[in-house]
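Colleague: Protein chains in written order, with my numbering: chain A, 1 to 265; chain B, 1 to 265; chain C, 1 to 265.
Glycine is no exception: its CB is placed at the ideal position from the N, C-alpha and C atoms.
The model shown is predicted, which means the values in this text are computed figures rather than measured ones.
Attaching a single structure in structure tokens format; questions to follow.
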Amino acid sequence: MPVVTLTTDFGTGSSYVAQMKGVLLSLCRETPTIVDLSHEIPPQDVFAGAMFLGDACPRFPPKTLHIAVIDPGVGTSRRIVYAELGEQKFIGPDNGLFSLVAKSLVPKLIVSIENEKFWLPERSQTFHGRDIMAPVAAAVMNKVDPREFGPRVERLELNRSWPECETKGCYQVSGEVVHVDSFGNLITNIPVGALLDEFDQPSVADVQIRSEIIRGLSKTYGDAPSGSLIALIDSGGRLEIAVVNESAAELLQAGRGEKVVVRTE
Amino acid sequence: MPVVTLTTDFGTGSSYVAQMKGVLLSLCRETPTIVDLSHEIPPQDVFAGAMFLGDACPRFPPKTLHIAVIDPGVGTSRRIVYAELGEQKFIGPDNGLFSLVAKSLVPKLIVSIENEKFWLPERSQTFHGRDIMAPVAAAVMNKVDPREFGPRVERLELNRSWPECETKGCYQVSGEVVHVDSFGNLITNIPVGALLDEFDQPSVADVQIRSEIIRGLSKTYGDAPSGSLIALIDSGGRLEIAVVNESAAELLQAGRGEKVVVRTE
Amino acid sequence: MPVVTLTTDFGTGSSYVAQMKGVLLSLCRETPTIVDLSHEIPPQDVFAGAMFLGDACPRFPPKTLHIAVIDPGVGTSRRIVYAELGEQKFIGPDNGLFSLVAKSLVPKLIVSIENEKFWLPERSQTFHGRDIMAPVAAAVMNKVDPREFGPRVERLELNRSWPECETKGCYQVSGEVVHVDSFGNLITNIPVGALLDEFDQPSVADVQIRSEIIRGLSKTYGDAPSGSLIALIDSGGRLEIAVVNESAAELLQAGRGEKVVVRTE
Numbered sequence: 001m002p003v004v005t006l007t008t009d010f011g012t013g014s015s016y017v018a019q020m021k022g023v024l025l026s027l028c029r030e031t032p033t034i035v036d037l038s039h040e041i042p043p044q045d046v047f048a049g050a051m052f053l054g055d056a057c058p059r060f061p062p063k064t065l066h067i068a069v070i071d072p073g074v075g076t077s078r079r080i081v082y083a084e085l086g087e088q089k090f091i092g093p094d095n096g097l098f099s100l101v102a103k104s105l106v107p108k109l110i111v112s113i114e115n116e117k118f119w120l121p122e123r124s125q126t127f128h129g130r131d132i133m134a135p136v137a138a139a140v141m142n143k144v145d146p147r148e149f150g151p152r153v154e155r156l157e158l159n160r161s162w163p164e165c166e167t168k169g170c171y172q173v174s175g176e177v178v179h180v181d182s183f184g185n186l187i188t189n190i191p192v193g194a195l196l197d198e199f200d201q202p203s204v205a206d207v208q209i210r211s212e213i214i215r216g217l218s219k220t221y222g223d224a225p226s227g228s229l230i231a232l233i234d235s236g237g238r239l240e241i242a243v244v245n246e247s248a249a250e251l252l253q254a255g256r257g258e259k260v261v262v263r264t265e
Numbered sequence: 001m002p003v004v005t006l007t008t009d010f011g012t013g014s015s016y017v018a019q020m021k022g023v024l025l026s027l028c029r030e031t032p033t034i035v036d037l038s039h040e041i042p043p044q045d046v047f048a049g050a051m052f053l054g055d056a057c058p059r060f061p062p063k064t065l066h067i068a069v070i071d072p073g074v075g076t077s078r079r080i081v082y083a084e085l086g087e088q089k090f091i092g093p094d095n096g097l098f099s100l101v102a103k104s105l106v107p108k109l110i111v112s113i114e115n116e117k118f119w120l121p122e123r124s125q126t127f128h129g130r131d132i133m134a135p136v137a138a139a140v141m142n143k144v145d146p147r148e149f150g151p152r153v154e155r156l157e158l159n160r161s162w163p164e165c166e167t168k169g170c171y172q173v174s175g176e177v178v179h180v181d182s183f184g185n186l187i188t189n190i191p192v193g194a195l196l197d198e199f200d201q202p203s204v205a206d207v208q209i210r211s212e213i214i215r216g217l218s219k220t221y222g223d224a225p226s227g228s229l230i231a232l233i234d235s236g237g238r239l240e241i242a243v244v245n246e247s248a249a250e251l252l253q254a255g256r257g258e259k260v261v262v263r264t265e
Numbered sequence: 001m002p003v004v005t006l007t008t009d010f011g012t013g014s015s016y017v018a019q020m021k022g023v024l025l026s027l028c029r030e031t032p033t034i035v036d037l038s039h040e041i042p043p044q045d046v047f048a049g050a051m052f053l054g055d056a057c058p059r060f061p062p063k064t065l066h067i068a069v070i071d072p073g074v075g076t077s078r079r080i081v082y083a084e085l086g087e088q089k090f091i092g093p094d095n096g097l098f099s100l101v102a103k104s105l106v107p108k109l110i111v112s113i114e115n116e117k118f119w120l121p122e123r124s125q126t127f128h129g130r131d132i133m134a135p136v137a138a139a140v141m142n143k144v145d146p147r148e149f150g151p152r153v154e155r156l157e158l159n160r161s162w163p164e165c166e167t168k169g170c171y172q173v174s175g176e177v178v179h180v181d182s183f184g185n186l187i188t189n190i191p192v193g194a195l196l197d198e199f200d201q202p203s204v205a206d207v208q209i210r211s212e213i214i215r216g217l218s219k220t221y222g223d224a225p226s227g228s229l230i231a232l233i234d235s236g237g238r239l240e241i242a243v244v245n246e247s248a249a250e251l252l253q254a255g256r257g258e259k260v261v262v263r264t265e
């Protein structure tokens, strides 16, 4: 059965997501399986959306269609795109939202959505998720050739604000917190690969955040007593800072953008 | 495939929604597609629920069944109804919740749900969503004739607290904020139709909220620089007040009930 | 159609739930109906998860598979189990999470999930929901014999922190608040059965919480005027304390753990 996923910054307190679901179900010839990924991306936070999609979408079965609407430029000249990356399909604003999925999934086809034939006939200026993206998604589900949606484009816009971690080549890797999860765990932009490149034994490196120095990496939360501040490699392969059974975000009063340095002496 | 939607004020921190889904899936002969519209309607806020349903439900395919439970009068004498409005079907308390869908969708059949044969055999006094509405919804999905649910009734209860906007016939339209979305946009009860009736050129009218006067209407958020206070017609055809890339609710310290006046000099 | 439900403490602001859905959909041969029960269980709160599952899961159709991930001990030696309780199937950490469902549904088969053949080949130390539970759930949906997952075990771990209500045999039952719902209703651990055992007429007993004494039980919220503090039997058969059309939690400044005593003079 065809699967279409939804990722937005709309919340569900307003009817925006419900309206998109209604349009999708109305226009798909065969009832698709609609899977909510998240509607709790922070408002207009393209960076958070890009990271979310980068982590989640590659896990889906081939031919899944992902609609993603974090779209601060709605109604302006920013493009709306249909993209085939690896075996996955995407529809959303071309504002950097697909920067990270495009790193792990090879772009095969990118189309600028311009052919109004596939849009809702009555359209607002402020809700292209409902008026353009949902009906075009239905067209994809109905097996319309995506090249009918508009002209091919060469490449997706990249999110330039994505902070890369830095390796100074002197047994030191610097990065920052890029996400805080519901447990208060601090996820950084330092991939395990960067640690392996830089250190003979990353597991004994020191991790500094604010004025705290964490000696060595733990394997999992349960390796240390409740309340311990630990560093570990998270389920996405990135350095994470956590407090066992408590919230590191709260204890350290740290959030996105907080600097993290890994070094050996 | 048959589609049934759920709209409640239960949140998902308690098991109420999950229990309703269990009953629905247990009693439907064919597994329906259950679509969550929202469980974040503010507690017992019939007005907010009515507006949500009015915006979302007309978007769904014909024969969709919408269950809506915002039911402060649960266990009292308020009626529970099954209603066919336009091509959509509804089940919920008859407390004004369907006031706004009934404006855009013509009522065809309204039945007072009284026949206990279709209810759960063991019933609580406080959770009719699970004990009455979900099993009756399953009966609808199982193609029971709705006239078996109870006697026909002539009309739905209307929500008398819905604030109508006022046209004073002197180039002035007054209304108020009726919803704040996740972006902090302020949605008013002033429809674009009222503006078109009153002004030759609504796009150059002044919009006043608190002590702020906004000169003219923008087309979309991106038409003005970040941080600008703007007024525009929202995706539901109502006057909306927004701050580009920020939250108007926060900046103006304004919420539901805040007065808004549109006028020309 | 096969149904699989998800209950977690992940929230949907992070991509953890989305990743589990992706793995499930990728590995199930037939697209299952995935039903979100809750992702808003308080972080690492096994007790709240146990109560949620105990209330929700018995409502589902036979053969439903429930995946529950509230797993503070992830990566440590705590077992992951597959359990058939009554006609329902469960996968989750064996940390007490299934204590309450196991009270109402008779355990038929409990298997310790140890056979790595059914897990994702690349696994993290911190996300067994995605790497072990989701793929084993897919194996269940694909009709693998659960005895292949690992050795049978005799019994599930019980949550020892579950507070039982006390009957002192002198016309008095003591308990405490175990859940606060979205309306601010205070749900206690005092089952209606304990009241019926202890009192000739529970409906006229006094209920004490903090310094308030509530005289007698109401049938439903609408039985008393707005703002009244009432006690009633909730939809789960437990004593509940509520304020009509308002929040008892807020008015009494009471939450989980607050003592409640029922007595007659």
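Could you tell me how far apart the beta carbons of N95 (chain B) and E157 (chain B) are, in whole angstroms, since I believe they sit closer than 8 Å?
Modeller: 6 Å
Colleague: Establish whether the CB of D9 (chain C) and some CB of chain A are separated by less than 8 Å.
Modeller: yes
Colleague: Does M1 (chain A) pass the burial test, meaning 16 or more other C-beta atoms within 10 Å, or should it be called exposed?
Modeller: exposed
Colleague: Tell me the DSSP bridge mates of Y82 (chain B)?
Modeller: B:I91 and B:V111
Colleague: Taking I132 (chain C) as the reference, give the member of C:D234, C:V74 and C:F98 with the closest Cα.
Modeller: For the residues C:D234, C:V74 and C:F98, the minimum Cα distance to I132 (chain C) belongs to C:V74.
Colleague: Return the first residue and the last residue of the alpha helix (DSSP H) that A231 (chain A) is part of.
Modeller: Not the alpha helix (DSSP H): A231 (chain A) falls in the beta strand (DSSP E), residues L229 to I233.
Colleague: Compute the Euclidean distance between the alpha carbons of S211 (chain A) and K259 (chain A), then round it to the nearest angstrom.
Modeller: 11 Å
Colleague: Taking just the CA atoms, how far does P163 (chain B) sit from N189 (chain B)?
Modeller: So the two alpha carbons sit approximately 7 Å from each other.
Colleague: Cβ of D45 (chain A) less than 8 Å from any chain C Cβ?
Modeller: no
Colleague: What residues in the region 54–67 of chain B have a beta carbon less than 8 Å from any beta carbon of chain A?
Modeller: D55, A56, C57, P58, R59, F60, P61 and T64
Colleague: Closer than 9 Å, Cβ to any Cβ of chain C: which residues of the region 17–38 of chain A, in chain order?
Modeller: Cβ contacts with chain C: T33, V35, D36, L37 and S38.
Colleague: Could you please give the first and the last residue of the uninterrupted beta strand (DSSP E) stretch that includes L239 (chain C)?
Modeller: R238 to V243
Colleague: Flag this pair as touching only if the region 167–178 of chain A and the region 27–40 of chain C have three or more C-beta atom pairs under 8 Å; answer yes or no.
Modeller: no
Colleague: Kindly list the residues whose CB is nearer than 6 Å to the CB of P62 (chain B), restricted to its own chain and excluding five residues on each side of it in sequence; keep chain order.
Modeller: E87
Colleague: 8 Å is my cut-off, CB to CB: does R79 (chain B) come that close to chain C?
Modeller: It does not: the Cβ of R79 (chain B) has no partner Cβ on chain C nearer than 8 Å.
Colleague: Drop a sphere of 10 angstroms on the beta-carbon of S235 (chain A), count the other beta-carbons inside from all chains shown, and report buried for 16 or more, exposed for fewer.
Modeller: In the assembly as shown, S235 (chain A) is a buried residue. Its beta-carbon has 16 or more other beta-carbons within 10 Å.
Colleague: Would you tell me roughly how many angstroms separate the C-alpha atoms of V69 (chain B) and G237 (chain A), rounded to the nearest one?
Modeller: 43 Å
Colleague: How would you list, in chain order, the residues of chain C whose beta-carbon sits under 8 Å from the beta-carbon of V3 (chain A)?
Modeller: L25 and T31
Colleague: How would you list, in chain order, the residues of chain B whose beta-carbon sits under 8 Å from the beta-carbon of F52 (chain A)?
Modeller: Per Cβ cutoff of 8 Å: no residues; F52 (chain A) is ~16 Å from chain B at best.
Colleague: How would you write the range of the beta strand (DSSP E) that P135 (chain C) sits in, first residue to last?
Modeller: P135 (chain C) -> not in any beta strand (DSSP E); alpha helix (DSSP H) instead, spanning A134 to M141.
Colleague: Starting from G49 (chain C), trace the alpha helix (DSSP H) both ways and give me its first and last residue.
Modeller: In this chain, the alpha helix (DSSP H) harbouring G49 (chain C) covers V46 to A56.
Colleague: Using 8 Å as the Cβ pair cut-off and three pairs as the minimum, do the region 16–25 of chain B and the region 43–53 of chain B touch?
Modeller: no
Colleague: List the endpoints of the continuous alpha helix (DSSP H) containing S104 (chain A).
Modeller: V101 to S104
Colleague: Using a threshold of 8 Å, state whether the C-beta atoms of D197 (chain B) and G129 (chain B) are closer than that.
Modeller: no
Colleague: Could you tell me which residues DSSP pairs with L6 (chain B) in its beta bridges?
Modeller: B:D36 and B:I67
Colleague: So that I know if they touch, is there some Cβ in chain A lying closer than 8 Å to that of V74 (chain C)?
Modeller: yes
Colleague: Check the Cβ of F183 (chain C) against every Cβ in chain A and list those closer than 7 Å, keeping chain order.
Modeller: Within chain A, no residue comes near F183 (chain C); the closest Cβ sits about 16 Å away, beyond 7 Å.
Colleague: Distance cutoff 8 Å, beta carbons only. Does R130 (chain A) sit that close to anything in chain B?
Modeller: yes
Colleague: Give me the chain C residues within the contact set of F127 (chain B), using Cβ-Cβ distance strictly less than 7 Å, ordered along the chain.
Modeller: Neighbours of F127 (chain B) on chain C, chain order: S235.
Colleague: Going along chain C, which residues have a C-beta under 8 Å from T12 (chain B)?
Modeller: D36, L37, S38, H39 and E40
Colleague: Any chance you could list the beta strand (DSSP E) runs of at least 3 consecutive residues sitting entirely within the region 172–229 of chain A, in chain order?
Modeller: 172–180, 186–191, 206–209 and 212–215
Colleague: Verify the CB distance criterion: does S124 (chain A) have a CB-CB separation below 8 Å to chain D?
Modeller: The chain labelled as chain D is not found among the protein chains of the depicted structure, namely A, B and C.
Colleague: My output table needs one value for K259 (chain C): the three-state DSSP class, helix, strand or coil.
Modeller: strand
Colleague: Helix, strand or coil: how does DSSP classify E250 (chain C) here?
Modeller: helix
Colleague: Does the beta carbon of S15 (chain B) come closer than 8 Å to any beta carbon on chain C?
Modeller: Output row for S15 (chain B): interface = yes.
Colleague: Would you list the one or two residues that DSSP bridges to T167 (chain C)?
Modeller: C:V173
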